[in-house]
Amino acid sequence: MPTPDPNAAELAAIADEVFRTQYGSAPEGIWAAPGRVNLIGEHTDYNEGFVMPFALPFYAVAAAAKSDTWEFHSTYGGGQIVRADSIDGVEGWAAYLAGVAWAMNESGYEVGPARIALHSDVPHGAGLSSSAALECATLLALSGLYGHDIDRTEAARIARKAENEYVGAPTGILDQSASLLCTEGHAMFMDCRDLSREQVPFRLADEGLAMLVIDTDAPHRHADGEYAARRADCEQAARLLDVEFLRDAPVDATLEDDRLNRRLRHIVTENQRVLDTAAVLKSGSVAGIGELLTASHASMRDDYEISSVELDSAVDAALGAGALGARMTGGGFGGSAIALVEASAAPKIEAAVIEAAAAASLPTPRVFVARAAQGAHRVR
Ligand code: ADP
Ligand code: MG
Numbered sequence: 012m013p014t015p016d017p018n019a020a021e022l023a024a025i026a027d028e029v030f031r032t033q034y035g036s037a038p039e040g041i042w043a044a045p046g047r048v049n050l051i052g053e054h055t056d057y058n059e060g061f062v063m064p065f066a067l068p069f070y071a072v073a074a075a076a077k078s079d080t081w082e083f084h085s086t087y088g089g090g091q092i093v094r095a096d097s098i099d100g101v102e103g104w105a106a107y108l109a110g111v112a113w114a115m116n117e118s119g120y121e122v123g124p125a126r127i128a129l130h131s132d133v134p135h136g137a138g139l140s141s142s143a144a145l146e147c148a149t150l151l152a153l154s155g156l157y158g159h160d161i162d163r164t165e166a167a168r169i170a171r172k173a174e175n176e177y178v179g180a181p182t183g184i185l186d187q188s189a190s191l192l193c194t195e196g197h198a199m200f201m202d203c204r205d206l207s208r209e210q211v212p213f214r215l216a217d218e219g220l221a222m223l224v225i226d227t228d229a230p231h232r233h234a235d236g237e238y239a240a241r242r243a244d245c246e247q248a249a250r251l252l253d254v255e256f257l258r259d260a261p262v263d264a265t266l267e268d269d270r271l272n273r274r275l276r277h278i279v280t281e282n283q284r285v286l287d288t289a290a291v292l293k294s295g296s297v298a299g300i301g302e303l304l305t306a307s308h309a310s311m312r313d314d315y316e317i318s319s320v321e322l323d324s325a326v327d328a329a330l331g332a333g334a335l336g337a338r339m340t341g342g343g344f345g346g347s348a349i350a351l352v353e354a355s356a357a358p359k360i361e362a363a364v365i366e367a368a369a370a371a372s373l374p375t376p377r378v379f380v381a382r383a384a385q386g387a388h389r390v391r
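In this text, residue positions in the sequence shown follow our numbering: the first is 12, and each later residue adds one.
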């Protein structure tokens, strides 16, 4: 077993304690799965393009044991328990866990009931994928308890099935793939056409750098409708260019319609920026990707129109205070931004971001220092 991430090990000690208190016995094992951010490559996934997530050092941890009924406990919201005789029809947060059991059964990996105690420090609803972390920790726990050795790509598909078909949230495969497949010290380049991947070195500390994750704490306004509208724009642009997906659009393609042309330009240039980011990282420089991150933000703000005042404020303030690069991350209209900074400048940049939000009467952002952490793993 690889050495667990130090933060996952700390969270596991809490999950272990909660399990013992809750169920009066010891768990059979403890498994951890991280949240993620996307370093670059936004809205490229459904255009069969490129993405590049890395795992955050924040984990959902599941302490679990086989049982004769389902019992789900989470320390979330002060501690909650959901009991169920069957995995059908479980609602609320426990649906993410029951959904994984359901999806495993549907996929031919039979699992029986279990007691689970969950403890997670992945900020939820911040676009950092707390939901995939829950699913992936649960999936590893149930696989471990019931003796299934599931290939990680297949496991990502099963966890996504749980979120899409049981919980009913229409998400892509990025979140679950990132949680299950990212590796420490790397960003994961993934081609969404065939899900092929490459682990690209992403060693911030080696260059005295840090990545700030800035949760704007702003509501996701109109996110669903606007997401559907962007997808429709891309489909229309692809039809006009006579390609199946914008991934295949020639780099110099243009469209007469101004809006469609800007959507096209974002996708084509963003795919190129992901390739360039991978190349710069492979050449041994992390600092060198700063401009690509900032260019990505401008493209999302101006061409794809998915940013928000909160995200722009965070990005502008970070850059103004000396960040090497910054961009919103995730689907947009809220959620989080990232900023690549000299580690020594992190406190100053954090303060500038918070000050800018206050000056514009925006919610106070929460700022975390991230590193590229280990993907999902068994802790003990
Ligand atoms: P994100 O994945 O970006 O954090 P989602 O809306 O996809 O946002 O998922 C958030 C939901 O996941 C929460 O509303 C809750 O139902 C569930 N969740 C997240 N963390 C926990 C936790 N620690 N315990 C129980 N449920 C959680
Ligand atoms: Mg989610």
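Glycine included, each C-beta is placed from N, C-alpha and C at the ideal position.
- Message: When you measure from the CB of residue 313 to every non-hydrogen atom of the ligand MG, does any distance come out below 8 Å?
- Response: Taking the first residue of the sequence shown as position 1, residue 313 is located at position 302. No, the Cβ of residue 313 stays beyond 8 Å of every heavy atom of the ligand MG.
- Message: Quick check on DSSP: helix, strand or coil for residue 380?
- Response: Taking the sequence shown and counting its residues from 1, one reaches residue 380 at position 369. Residue 380 falls in the strand class under three-state DSSP.
- Can residue 125 and residue 152 be called in contact, C-beta distance under 9 Å? Stepping through the sequence shown from its first residue, residue 125 is reached at position 114. Stepping through the sequence shown from its first residue, residue 152 is reached at position 141. In this structure, residue 125 lies near residue 152, with their beta-carbon atoms less than 9 Å apart.
- Item | When 354, 52, 358, 386 are compared against residue 221, the one with the closest alpha-carbon | The residue labelled residue 221 in the question sits at position 210 within the sequence shown. Of 354, 52, 358, 386, the residue nearest in Cα terms is 354.
- Report whether the distance from the Cβ of residue 133 to the nearest heavy atom of the ligand ADP is below 8 Å. Start at 1 with the first residue of the sequence shown, and residue 133 comes out as number 122. Answer for residue 133: yes, Cβ within range of the ligand ADP.
- Message: Please give me, in chain order, every unbroken run of the beta strand (DSSP E) with length at least 3 that falls completely inside the stretch 120 to 144.
- Response: Within the stretch 120 to 144, complete beta strand (DSSP E) segments of at least 3 residues are found at 125 to 131, given in chain order.
- Kindly indicate which residue of 74, 223, 163 has the alpha-carbon position closest to the one of residue 332. Mapped onto the sequence shown, residue 332 falls at position 321. With distances taken between Cα atoms, residue 332 lies closest to 223.
- Query: Nearest to residue 165 by alpha carbon, out of 290, 88, 192?
  - Reply: Position 154 of the sequence shown, counted from the first residue, corresponds to residue 165. The shortest Cα separation from residue 165 among 290, 88, 192 belongs to 192.
- Cβ neighbour criterion (16 or more within 10 Å) applied to residue 307: The residue labelled residue 307 in the question sits at position 296 within the sequence shown. Under the 10 Å beta carbon count, residue 307 is surrounded by 16 or more other beta carbons and is classified as buried.
- Excluding the 5 residues preceding and the 5 following residue 238 in the sequence, name in chain order all residues of the same chain whose CB lies nearer than 7 Å to its CB. Numbered from its first residue, the sequence shown carries residue 238 at position 227. The residues are 342.
- Task: Could you give the DSSP three-state label for residue 340: helix, strand or coil?
- Result: Taking the sequence shown and counting its residues from 1, one reaches residue 340 at position 329. It is a strand residue.
- Touch check for the stretch 345 to 359 and the stretch 30 to 41: three-plus C-beta pairs under 8 Å? no
- Query: Based on Cα-Cα distance, which residue from 322, 281, 290 lies nearest to residue 232?
  - Reply: Numbered from its first residue, the sequence shown carries residue 232 at position 221. Among 322, 281, 290, the Cα nearest to that of residue 232 belongs to 322.
- Task: Can you give me the start and stop residues for the alpha helix (DSSP H) that residue 291 sits inside?
- Result: By one-based count along the sequence shown, residue 291 stands at place 280. 269 to 293 is the span of the alpha helix (DSSP H), which, as asked, contains residue 291.
- Which of the three DSSP states, helix, strand or coil, is assigned to residue 84? Translated into the one-based positions of the sequence shown, residue 84 becomes position 73. Correct three-state label for residue 84: strand.
- Item | Supposed contact pair residue 69 and residue 132 - C-beta distance, whole angstroms, cut 8 Å | As a working mapping, residue 132 is identified with position 121 in the sequence shown. As a working mapping, residue 69 is identified with position 58 in the sequence shown. At roughly 5 Å, the Cβ-Cβ gap stays under 8 Å, so residue 132 and residue 69 are in contact.
- Task: Take every Cβ of the stretch 303 to 318, pair it with every Cβ of the stretch 37 to 56, and state whether three or more of those distances are shorter than 8 Å.
- Result: yes
- How far does the alpha helix (DSSP H) with residue 17 in it reach, from first residue to last? Counted from its first residue, the sequence shown places residue 17 at position 6. Residue 17 -> alpha helix (DSSP H) spans 17 to 34.
- Message: Given the structure, does residue 85 come close to the ligand MG, in the sense that its CB is under 8 Å from one of the ligand's heavy atoms?
- Response: Position 74 of the sequence shown, counted from the first residue, corresponds to residue 85. Checking the Cβ of residue 85 against the ligand MG gives no.
- Query: So is residue 300 buried or exposed if we call it buried at 16+ other beta carbons inside 10 Å?
  - Reply: Numbered from 1 along the sequence shown, position 289 holds the residue referred to as residue 300. Classification of residue 300: buried, given that the 10 Å Cβ count is 16 or more.
- Message: Does the beta-carbon of residue 238, which I'm using as the reference point, lie nearer than 8 Å to any heavy atom of the ligand ADP?
- Response: Taking the sequence shown and counting its residues from 1, one reaches residue 238 at position 227. Residue 238: no, Cβ never under 8 Å from the ligand ADP.
- Do residue 122 and residue 110 come within 9 Å of each other at the CB atom, strictly closer than that value? Here residue 110 corresponds to residue number 99 of the sequence shown, with the count starting at 1. Here residue 122 corresponds to residue number 111 of the sequence shown, with the count starting at 1. Between residue 110 and residue 122, the C-beta gap is not smaller than 9 Å, which leaves the two residues out of contact.
- Task: Tell me whether the beta-carbon of residue 129 lies closer than 9 Å to the beta-carbon of residue 189.
- Result: Residue mapping note: residue 129 aligns to position 118 of the sequence shown, counting from 1. Residue mapping note: residue 189 aligns to position 178 of the sequence shown, counting from 1. No. Outside cutoff.
- Query: Would you call residue 305 buried or exposed, if buried means 16 or more other Cβ atoms sit within 10 Å of its Cβ?
  - Reply: Locating residue 305 in the sequence shown gives position 294, where the first residue counts as 1. Per the 10 Å Cβ criterion, buried.
- What number of angstroms, rounded off, separates the C-alpha of residue 157 from the C-alpha of residue 77? One-based indexing of the sequence shown puts residue 157 at position 146. One-based indexing of the sequence shown puts residue 77 at position 66. As the crow flies, the alpha-carbon of residue 157 is around 8 Å from that of residue 77.
- Item | Cβ-heavy atom distance, residue 142 to the ligand MG, below 8 Å | Walking along the sequence shown from the start, residue 142 turns up at place 131. Because some heavy atom of the ligand MG lies under 8 Å away, the Cβ of residue 142 counts as near it: yes.
- Message: Taking the beta carbon of residue 392 as the centre, do at least 16 other beta carbons fall within 10 Å, making it buried, or is it exposed?
- Response: This structure gives no information on residue 392, because the portion of the chain shown stretches from 12 to 391.
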